[in-house]
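*Asks:* If you scroll down you'll find the structure; I have some questions about it.
In the numbering used here, the protein residues as written are 4 to 358.
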């Protein structure tokens, strides 16, 4: 677990309490953390009266602020509501401790720096395993359909092995199919991998078939990460929206995104579109040299074809991996210039990817 400073604990509880207030969502909390950072970090007691003094509409409403009431009456009412929400926040912290999960907020150096490049990011994260991998020097997402071809499975596994052997952390979403291929390939190379979960950090993983894989990811020095509080109960509709959010955080944790196989309507498109919107390099497998025109006509690869037309890097030969690694290095240099790590990648060590 990540070692916490006293201020980290205070801010974590403050964020969790805000998130428990009715009508206060992640975007409101993110804006508070960005706009009010100096006062949040410099204030020792983050209570209801403090929250009310921030003068944020959604928070004021949740704390039953009444402009015609006296300041003392408003503060008393706000503190009562706040204390109830804070009690829930304290239980969340306790559950996180019980399952060995670290709690990370955006003010902490352990929070994934790549996520902060996004316009929207989780105001709180829960992590099981080694949180240091969230800020690894090199990270790449490997994603795709839940029903890849046998050839795609072999290609994806080997790709993940090669990248993990080159010290890339492999990021994916623990889904069946291509996600599993990415995680398993990394583990075969004794590399590190991150699974972004659509469920609370202490809940059985989704899908349940990958519980063993999740345990091996943690045991292998990787991490499971979730924005959902331990103990939270999810309904079917929430899970669907969580899956979409998960698909956004995968590229958000990475220097590039590789789709093994995807149709034009697959869920993989959520991640690919998010990557395009943040100028994160994207690549897809290009089977045209093997399949000819059949590749372009096969609906199973419709997404691959679409993104190739949009300018995605084609991946098949070993040299194409090198091209994409150079693009990912450029992305790192562009966004984290002067940060530790990030040496330039060259072509002096061509990889034998599939031979």
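Idealized CB from N, CA, C, for every residue including glycine.
1. Could you tell me which of 100, 316 and 193 sits nearest to residue 222, measuring between CA atoms?
2. Report the rounded CA-to-CA distance for residue 204 versus residue 127, giving the unit in angstroms.
3. Looking at residue 35: is its Cβ nearer than 8 Å to the Cβ of residue 59?
4. Can you round the beta-carbon distance between residue 339 and residue 286 to whole angstroms, since I take them to be within the 8 Å contact cut?
5. With a CB to CB cut of under 7 Å and the five nearest residues on each side skipped, what residues in its chain are close to residue 82?
6. Label residue 48 either buried or exposed according to how many other C-beta atoms from any shown protein chain fall within 10 Å of its C-beta, with 16 as the threshold for buried.
7. How long is the line joining the alpha carbons of residue 257 and residue 283, rounded to whole angstroms?
8. Considering Cα atoms alone, identify which of 63, 8 and 7 is closest to residue 32.
9. How is residue 192 classed by DSSP in three states: helix, strand or coil?
10. Cβ of residue 146 within 8 Å of Cβ of residue 274?
11. Going by other Cβ atoms of all chains shown within 10 Å of its Cβ, with 16 needed for buried, is residue 3 buried or exposed?
12. Rounded to the nearest angstrom, what separates residue 231 and residue 201 at their Cα positions?
13. Starting from the N-terminal side, write out each stretch of the alpha helix (DSSP H) that is 4 residues or longer and does not extend beyond the stretch 8-96.
14. Report, in whole angstroms, the separation of the C-beta atoms of residue 144 and residue 175, which I expect to be a contact under 8 Å.
15. Can you tell me where the beta strand (DSSP E) with residue 129 in it begins and where it stops?
16. Kindly indicate the opening and closing residues of the beta strand (DSSP E) around residue 339.
17. Who are the near neighbours of residue 88 in its chain, counting only those whose CB is closer than 7 Å to its CB and skipping five residues on each side?
18. Would you report the Cα separation of residue 260 and residue 269, rounded to the nearest angstrom?
19. For the stretch 161-168 against the stretch 246-257, do three or more pairs of beta-carbon atoms, one drawn from each stretch, fall closer than 8 Å, so that the two count as touching?
20. Locate the beta strand (DSSP E) running through residue 204, then write down its first and last residues.
21. Can you tell which of 92, 246 and 80 has the C-alpha that lies nearest to the C-alpha of residue 14?
22. On the CB-based measure, 16 or more other CB atoms within 10 Å of its CB, does residue 156 come out buried or exposed?
23. Looking at the structure shown, is residue 365 part of a helix, part of a strand, or coil, going by DSSP?
24. Beta strand (DSSP E) containing residue 217: first to last residue?
25. Go through its chain and collect everything with a Cβ distance to residue 304's Cβ below 7 Å, but skip five positions before and after it.
26. For the candidate residues 120, 124, 170 and 125, whose alpha-carbon lies nearest to that of residue 140?
27. Alpha carbon to alpha carbon, how far is residue 207 from residue 236? Give it in angstroms, no decimals.
28. On the criterion of 16 or more Cβ atoms from any shown chain inside 10 Å, does residue 74 qualify as buried, or is it exposed?
29. Can you give me the C-alpha to C-alpha distance between residue 136 and residue 69, rounded to a whole angstrom?
30. Where residue 161 and residue 195 are concerned, what is the direct C-alpha to C-alpha distance, given to the nearest angstrom?
31. For residue 10, which residues of its own chain have a beta-carbon under 7 Å away from its beta-carbon, when the five flanking residues on both sides are left out?
32. Counting C-beta neighbours from all protein chains within 10 Å, is the total for residue 238 16 or more, i.e. buried, or is it exposed?
33. Where DSSP assigns a beta bridge to residue 199, which residues make up the other side?
34. Helix, strand or coil for residue 254? Go by DSSP, reduced to three states.
*Replies:* According to the structure shown:
1. Out of 100, 316 and 193, 193 has the C-alpha closest to the C-alpha of residue 222.
2. 12 Å
3. yes
4. Not quite, the Cβ-Cβ distance comes to about 20 Å (not below 8 Å), so this is no contact.
5. Counting only Cβ-Cβ distances below 7 Å, and skipping sequence neighbours, we find 50, 51 and 52.
6. exposed
7. 8 Å
8. Residue 32 has its Cα closest to that of 63, out of 63, 8 and 7.
9. Residue 192: coil per DSSP, three-state reduction.
10. Against a cut-off of 8 Å, the Cβ pair of residue 274 and residue 146 comes out as a contact.
11. This structure leaves residue 3 out entirely; the chain is present only between 4 and 358.
12. 8 Å
13. Counting only runs of 4 or more, we get 9-23, 29-38, 40-45, 51-56 and 60-65.
14. 6 Å
15. Here the beta strand (DSSP E) through residue 129 covers 128-132.
16. Neither: residue 339 is in no beta strand (DSSP E) and is coded neither H nor E.
17. Cβ within range, chain order: 20, 23 and 24.
18. 15 Å
19. No: the two stretches stay apart, fewer than three of their Cβ pairs being nearer than 8 Å.
20. It is not in any beta strand (DSSP E) - residue 204 carries neither H nor E in the DSSP assignment.
21. 92
22. buried
23. Given that the chain is displayed from residue 4 to residue 358, the structure contains no residue 365 and the question cannot be resolved.
24. First-last for residue 217: 214-222, but that is the alpha helix (DSSP H), not the beta strand (DSSP E).
25. 264, 290 and 298
26. It is 170.
27. 12 Å
28. exposed
29. 46 Å
30. 15 Å
31. These residues qualify, in order along the chain: 44.
32. exposed
33. 228
34. helix
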